[in-house]
Structure formats: structure tokens, C-alpha cells
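Respectively, the protein sequence lines represent chains A and B. Going from the first sequence to the working numbering is simple: count from 1 and add 114. Going from the second sequence to the working numbering is simple: count from 1 and add 160. All residues carry an ideal CB built from backbone N, CA and C; glycine is no exception. Before any comments, here is the structure.
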Amino acid sequence: MTEPLFSLDFCGTAVVTDDGRIVSYVELRQLAEDWAAKVPARALVFLLVGNNLDSLVAYVACLNHGIVPLMLDARIDAALLQRFIEIYRPDFIWRPSEGGYVLEPRNTPNGDTSVSCVSCISWFENNKLHPDLALLLTTSGSTGSPKLVRQSYANIRANTASIVEYLKLDATERPITTLPMNYTYGLSIINTHLSVGATILLTDKTLMQREFWNFFTAQQATSFGGVPYTYEMLDKLMFFRRKLPSLRTMTQAGGKILPELHRKFAEYAQREGKNFVVMYGQCEATARMSYLPPERALDKVGSMGIAIPGGRFELVGESRSGGVGELVYYGDNVTLGYAECAEDLAKGDERHGRLETGDMARVDDEGFYYIVGRKKRFLKIFGNRVNLDETERLIKGQFRDLDCACGGVDDKMRIFITDQTQVQAVRDFVAEKTHLNFTAFDVQFLATIPKNASGKTLYSELP
Amino acid sequence: MNNTEKYTQAFMDAFSIDAETAKTLKFQQIPAWDSVGHMGLVAQLEEQFGIMMEPDDIVDLNSYDKGREMLASKYGVDFSA
Numbered sequence: 115m116t117e118p119l120f121s122l123d124f125c126g127t128a129v130v131t132d133d134g135r136i137v138s139y140v141e142l143r144q145l146a147e148d149w150a151a152k153v154p155a156r157a158l159v160f161l162l163v164g165n166n167l168d169s170l171v172a173y174v175a176c177l178n179h180g181i182v183p184l185m186l187d188a189r190i191d192a193a194l195l196q197r198f199i200e201i202y203r204p205d206f207i208w209r210p211s212e213g214g215y216v217l218e219p220r221n222t223p224n225g226d227t228s229v230s231c232v233s234c235i236s237w238f239e240n241n242k243l244h245p246d247l248a249l250l251l252t253t254s255g256s257t258g259s260p261k262l263v264r265q266s267y268a269n270i271r272a273n274t275a276s277i278v279e280y281l282k283l284d285a286t287e288r289p290i291t292t293l294p295m296n297y298t299y300g301l302s303i304i305n306t307h308l309s310v311g312a313t314i315l316l317t318d319k320t321l322m323q324r325e326f327w328n329f330f331t332a333q334q335a336t337s338f339g340g341v342p343y344t345y346e347m348l349d350k351l352m353f354f355r356r357k358l359p360s361l362r363t364m365t366q367a368g369g370k371i372l373p374e375l376h377r378k379f380a381e382y383a384q385r386e387g388k389n390f391v392v393m394y395g396q397c398e399a400t401a402r403m404s405y406l407p408p409e410r411a412l413d414k415v416g417s418m419g420i421a422i423p424g425g426r427f428e429l430v431g432e433s434r435s436g437g438v439g440e441l442v443y444y445g446d447n448v449t450l451g452y453a454e455c456a457e458d459l460a461k462g463d464e465r466h467g468r469l470e471t472g473d474m475a476r477v478d479d480e481g482f483y484y485i486v487g488r489k490k491r492f493l494k495i496f497g498n499r500v501n502l503d504e505t506e507r508l509i510k511g512q513f514r515d516l517d518c519a520c521g522g523v524d525d526k527m528r529i530f531i532t533d534q535t536q537v538q539a540v541r542d543f544v545a546e547k548t549h550l551n552f553t554a555f556d557v558q559f560l561a562t563i564p565k566n567a568s569g570k571t572l573y574s575e576l577p
Numbered sequence: 161m162n163n164t165e166k167y168t169q170a171f172m173d174a175f176s177i178d179a180e181t182a183k184t185l186k187f188q189q190i191p192a193w194d195s196v197g198h199m200g201l202v203a204q205l206e207e208q209f210g211i212m213m214e215p216d217d218i219v220d221l222n223s224y225d226k227g228r229e230m231l232a233s234k235y236g237v238d239f240s241a
């Protein structure tokens with residue numbers, strides 16, 4: 115790594131927290147340096163994060179000092195965290211405890227757990243981390259899959275620069291957090307705004323809370339991001355009636371928004387002189403791959419737009435002009451690849467700037483792309499990717515005596531099980547494991563799961 | 161069912177909990193009462209009492225007690241029976 119990822123070379127305010135803490139860029143740089151002084155470069159650290167200052171400082175410290183973080187939700191299921199620890203063997207864990215965040219050494223020489231012992235840097239087996247590796251993120255809202263995405267410094271720089279360019283971000287922006295920091299979209303909002311010297315309004319409150327809106331208004335937020343479900347909630351809250359003069363931009367990603375809602379928010383934005391920007395991305399492409407320029411939001415309802423600056427798309431297997439093909443993306447933000455075990459963290463670039471997205475798309479005659487389906491069996495639930503086959507395995511692993519099949523649509527998974535007595539138990543189990551609200555899972559009894567001669571589930575024959 | 165029972169039932173259905181848990185509940189106290197669950201609770205209350213809640217009230221509804229007080233004072237729900 116040649117220079118810190120974030121220059122932090124600004125004179126303004128970097129962060130305002132919802133409990134009233136105001137942190138300048140000068141102070142943030144100092145806090146990050148103090149944090150990094152306790153951890154050697156190229157150490158692997160699990161950051162258990164929320165939208166709070168302790169999480170942000172640790173993240174900035176890692177990225178600026180060659181420390182590699184795996185970003186995890188602070189409320190992660192204990193069994194899942196244990197699994198990540200066993201597989202990836204972190205050197206440290208940064209976690210909230212009763213008196214505030216603590217840095218817990220895990221993987222130190224001779225079992226010594228004192229922080230001072232980190233000076234024995236040469237011991238760290240994680241010196242095996244590939245030099246390009248900057249950051250690790252999980253691939254989904256987690257059905258327990260320990261699969262990680264490996265992002266490089268160059269990936270983050272490239273994606274940050276192009277997002278800053280197309281959203282025209284500058285130091286006057288004041289984004290309010292609405293998405294978790296361990297989620298690629300939430301993290302990209304932090305990366306892009308820190309890179310231009312903007313002020314991040316940091317809160318763990320949700321838009322269903324009075325405190326969120328008070329903070330929004332008092333601190334003059336200029337933008338927020340949301341997944342499709344966020345916009346459904348805003349619609350229910352009669353967002354259009356709210357007077358929010360400071361608001362400039364609303365961005366949307368994390369799944370395809372319903373065309374009616376897209377139109378509604380685009381119309382509101384046009385009427386009120388604000389921008390509504392639909393975007394498309396994946397963790398595997400650092401964060402963003404496309405955006406719908408806000409001035410086209412109304413005449414391209416349902417579209418995910420065009421490739422971001424520096425990127426391009428191709429449809430593979432396209433039958434004819436206007437036909438549907440798998441969306442393939444090319445750009446410097448295409449990440450190095452996946453990791454499934456600690457040894458994979460030593461790997462370099464395996465994708466070489468080309469990503470098969472797994473989404474099926476078509477393109478119109480002006481070059482705007484539309485997602486029409488998926489090649490792989492997964493759903494987006496409240497913006498989180500949930501793999502249907504993994505969910506089936508998870509259920510069968512827990513409930514040994516039943517058969518099951520998962521299908522459904524985004525934000526509503528349908529789960530068919532062959533044991534009538536377990537309907538509620540299965541629903542609660544899947545909700546607990548995925549950390550998603552149970553109302554997203556519709557569990558139904560079915561006497562037998564339809565299968566073909568070789569035992570494969572016939573999903574098209576499910577009711 | 162009287163109105164208190166109907167009100168409690170809305171919480172029980174929205175969060176899949178028993179009446180005892182419902183009666184002391186606060187926002188985010190259980191995983192089911194997150195922002196998604198909140199939408200479900202509002203839908204249940206609106207259906208049970210045939211009302212349309214104001215956005216300001218939706219974001220103020222942060223506990224079982226608070227909601228009850230709000231329904232009584234602003235939506236004319238009588239809990240005395």
C-alpha cells in the first residue's frame with residue numbers, strides 16, 4: 115500500500131453522531147492513528163460494527179494502515195461469529211462491550227492476550243494476507259455461509275472515484291446513515307463522503323423512529339440511501355408530505371424497486387427539485403456498477419440505468435438485439451474474488467476486472483439496462499441476498515425429519531415443509547439464522563415436495 | 161374481545177409473541193420489533209381499529225404503553241371497558 119486510502123486532509127467536520135458528538139477531520143485522523151497504533155499492519159481484524167463512532171474510527175484506521183478488517187454486524191449471531199473465527203482465525207476482534215468498544219487479541223504468540231505482545235509481528239500467520247487485500251465483506255444477510263468477498267485498495271479507490279463523479283459529491287454533503295456499515299452499500303456511502311471531506315451524520319436509529327427524523331432535521335441531512343423496503347416504509351410514512359428542505363439526493367439500491375414506487379419517488383424528486391438515483395451493484399463489484407441519471411429517472415422507470423464511469427456492461431448469451439442475456443460487468447471495481455477459508459486470503463486477483471453478475475438483463479435502444487431475472491436461486495430480502503438452496507440446507511440440517519423447498523419473490527420467501535407441526539418453528543428458526551424479520555418467511559405445509567426421477571426438486575411445480 | 165384484548169392481539173400477531181411479553185414491550189426489545197416489524201404492527205392496529213395512523217404517530221409508537229395512550233387520545237379508542 116502506497117498511501118492511506120483516506121487522506122482525511124480536510125478542515126471541516128467529518129462526523130456528527132446522534133448523541134451530539136462532533137468530530138473534525140483533524141480529530142478523526144488522530145483517533146484513527148491512535149487506534150492503529152495498537153494493531154500491526156497486515157493483521158486480520160474482525161470489526162463488529164454499528165453506525166457509531168467507535169466502528170467508524172476502527173474502519174478508517176484499518177484501511178489507512180494496511181490492517182485488514184472483516185466487517186460484521188455487531189448483533190451477529192454468536193454461533194455464526196464463532197464459525198467465522200474458526201475458519202479465518204482473526205488476530206483481533208473489535209467488539210462492543212458494556213463499557214464501550216474493546217480490542218480483543220485472539221491470535222497472539224504463546225496464547226499471550228496482552229495487547230503489547232502484538233509487537234511480535236513476524237509471528238502473525240496472517241502475514242500471508244495478500245498485499246492487495248484491503249477489506250473483507252460477507253456475501254449475504256447470511257444463511258451461515260462463511261464465504262467472503264475480497265476487496266482490494268484499488269477496487270475501493272476506483273469505485274469511490276466513480277461514485278463521487280456521478281453523484282457529484284462534495285464537502286457540502288451531509289449524508290445520514292440508514293444502512294449498516296457492514297453492508298457494501300452502507301460502506302460505500304461512508305467511503306465516498308469521507309473522500310470528499312463531507313460530514314457523515316452517524317445514527318443507528320431507523321426511519322421508524324422519531325429520533326431519526328429529529329436528527330435528520332436538526333443536522334440538515336442532504337442525502338440518504340435505501341433498499342426497496344426503505345422506500346416502502348417512506349411511502350407508508352407519507353414521506354412526500356414531509357418538509358425536508360435540506361434534502362438533495364435519495365439513492366436506491368439493494369434490489370429492484372417496484373416500478374410504481376420508482377415513479378412515485380422520481381415524481382416527488384422532480385416536483386421538489388431533488389434527485390432520485392436508482393443504482394445497481396454487488397459486493398463483488400465493491401459496491402456500485404450502474405446508476406440511472408436522475409434527469410432520466412422518470413422516462414426510464416424500472417431501469418437500473420447505465421454503467422458507472424469507468425465501467426461497462428455486456429449481455430452474454432444474448433439471443434438477438436433487445437434480447438435477454440446474463441449481465442457481465444467490466445471495471446476496476448471488480449473485486450479480487452471470494453474467500454472460503456483462511457488460506458484464500460493469500461490469493462490475488464482471480465477475476466481480472468470481469469464479473470458475471472448472475473442477473474439476467476436486457477438493454478433498450480438508448481443503452482439503459484433492465485434487470486429481468488436471475489440466473490442463480492436467491493432472493494433479495496430487505497436488501498440482503500439470501501440463497502434459497504443454502505436456506506434449504508440450513509432447514510434440513512436443523513429439522514432432520516422433514517423435507518423442504520424454498521422459493522418466492524423478493525422480500526417474501528415461500529418455504530414448503532413436509533411436517534405440519536413444525537411450521538412456526540421453521541419460520542422462527544430461519545428468521546433467527548438470517549437475522550431478518552420473520553414476516554419475510556411464509557412457511558406452508560406440503561405433504562410431498564415434487565421431485566423428478568433423479569430426486570431434484572421441481573420448483574415450477576410448487577403451489 | 162374488548163379493545164385492550166384487540167390491542168394486545170395486534171402485538172401478538174405482529175411479533176408472534178404471547179400476551180405477557182406484549183404488555184411490557186418496547187421498540188427493538190425483541191428482534192421481531194425492528195423497522196420491518198413496526199410496519200406490520202401499524203398494519204395490524206389499523207385493521208383492528210379501522211383507523212389510519214398519522215406518520216408522526218407511527219414514528220412515536222415506541223412501546224406498548226405509548227401506543228395505547230396514543231390510540232385512546234388521538235384515535236378515540238376506548239380502553240375503559
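Exposure of residue 189 of chain A, with buried meaning 16 or more beta-carbon neighbours within 10 Å: exposed
Along the chain, where does the alpha helix (DSSP H) containing residue 103 of chain A start, and where does it finish? Chain A is shown only over 115 to 577; residue 103 of chain A falls outside these bounds and no answer can be derived.
At least 3 beta-carbon pairs within less than 8 Å: the segment 488-507 of chain A vs the segment 414-427 of chain A: no
Of the residues A:475, A:572, A:124 and A:132, the one placed nearest residue 318 of chain A, counting alpha carbons only: Closest by alpha carbon: A:132.
For residue 547 of chain A and residue 441 of chain A, the rounded distance between their alpha carbons: Going from the Cα of residue 441 of chain A to the Cα of residue 547 of chain A covers about 30 Å.
Of all Cβ atoms in chain B, is any one closer than 8 Å to the Cβ of residue 496 of chain A? Residue 496 of chain A counts as touching chain B.
Excluding the five sequence neighbours on either side, which residues of its own chain have a C-beta within less than 7 Å of the C-beta of residue 494 of chain A, listed in chain order? Closer than 7 Å at Cβ, skipping near neighbours: 368, 369 and 524.
Cα-Cα separation, residue 541 of chain A to residue 189 of chain B: 19 Å
Using three-state DSSP, classify residue 208 of chain A as helix, strand or coil. Residue 208 of chain A sits in a strand when the DSSP states are folded into three classes.
Would residue 173 of chain A pass as an interface residue toward chain B - the criterion being a Cβ-Cβ separation below 8 Å? no
Run through chain B and tell me which residues come within less than 8 Å of residue 351 of chain A, C-beta to C-beta. 215, 218 and 219
When you compare the CB of residue 223 of chain B with every CB in chain A, is at least one pair closer than 8 Å? No, no contact with chain A.
Excluding five sequence neighbours on each side, which residues of the same chain lie with their C-beta closer than 7 Å to the C-beta of residue 200 of chain B? Spatial neighbours of residue 200 of chain B in its own chain (CB-CB distance under 7 Å, excluding positions within 5 residues in sequence) are listed in chain order as 174.
Runs of alpha helix (DSSP H) wholly within the segment 248-291 of chain A (minimum 4 residues, chain order): 267-281
Might you give, ordered along the chain, the residues of its own chain that have their beta carbon closer than 7 Å to the beta carbon of residue 288 of chain A, omitting 5 neighbours on each side? 312, 313, 315, 333, 334, 335 and 336
Please return the same chain residues whose Cβ sits closer than 8 Å to the Cβ of residue 484 of chain A, not counting the five positions on each side in sequence. 416, 417, 418, 475, 476, 477 and 478
Starting from residue 488 of chain A, follow the beta strand (DSSP E) in both directions and report where the run begins and ends. 483-488
Let's see if you can read the secondary structure: which residues bound the alpha helix (DSSP H) around residue 186 of chain A? From DSSP, residue 186 of chain A is part of no alpha helix (DSSP H) but of the beta strand (DSSP E) over 182-187.
Is the separation between the beta-carbon of residue 272 of chain A and that of residue 446 of chain A shorter than 8 Å? A contact, by the Cβ cut-off of 8 Å.
Proximal residues of chain A, C-beta to C-beta of residue 230 of chain B below 8 Å: Chain A residues near residue 230 of chain B: none, gap ~12 Å exceeds 8 Å.
Determine, for residue 166 of chain A, whether the minimum Cβ-Cβ distance to residues of chain B falls below 8 Å. no
In chain B, which residues lie with their C-beta within 9 Å of the C-beta of residue 508 of chain A? By Cβ distance, chain B contributes nothing, its closest Cβ being about 17 Å from residue 508 of chain A, past 9 Å.
8 Å is my cut-off, CB to CB: does residue 199 of chain B come that close to chain A? Yes - at least one Cβ of chain A is within 8 Å of the one on residue 199 of chain B.
Where do the N-terminal and C-terminal ends of the alpha helix (DSSP H) with residue 507 of chain A fall, by residue? Boundaries of the alpha helix (DSSP H) harbouring residue 507 of chain A: 502-512, taken from the DSSP string.
Bridge partners - residue 186 of chain B, DSSP secondary structure assignment: B:223
Is it true that the CB of residue 161 of chain A sits closer than 8 Å to the CB of residue 184 of chain A? yes
Near-chain B residues of the segment 535-554 of chain A (beta-carbon distance less than 9 Å), N- to C-terminal order: 538, 541, 542, 545, 546, 549, 550, 551, 552, 553 and 554
Considering Cα atoms alone, identify which of A:451, A:321 and A:403 is closest to residue 246 of chain A. Nearest option by C-alpha distance: A:451.
Beta strand (DSSP E) segment containing residue 518 of chain A, residue limits: 518-523
Proximity to residue 219 of chain B [Cα-Cα], best of A:432, A:521 and A:353: Comparing Cα-Cα distances from residue 219 of chain B to each of A:432, A:521 and A:353, the minimum goes to A:353.
Within chain A, the residues that residue 194 of chain B reaches when beta carbons sit closer than 8 Å: 320 and 551
For a cutoff of 8 Å on Cβ pairs, would you count residue 343 of chain A as touching chain B? Output row for residue 343 of chain A: interface = yes.
Give a yes or no on whether 8 Å exceeds the smallest Cβ distance from residue 176 of chain B to chain A. yes
Under a CB-based cut-off of 8 Å, is residue 347 of chain A close to chain B? yes
With distance defined between alpha-carbon atoms, name the residue in A:325, A:374, A:377 and A:284 nearest to residue 362 of chain A. A:284
Determine which residues share a DSSP beta bridge with residue 441 of chain A and list them. Note: residue 441 of chain A sits in a beta bridge opposite A:429.
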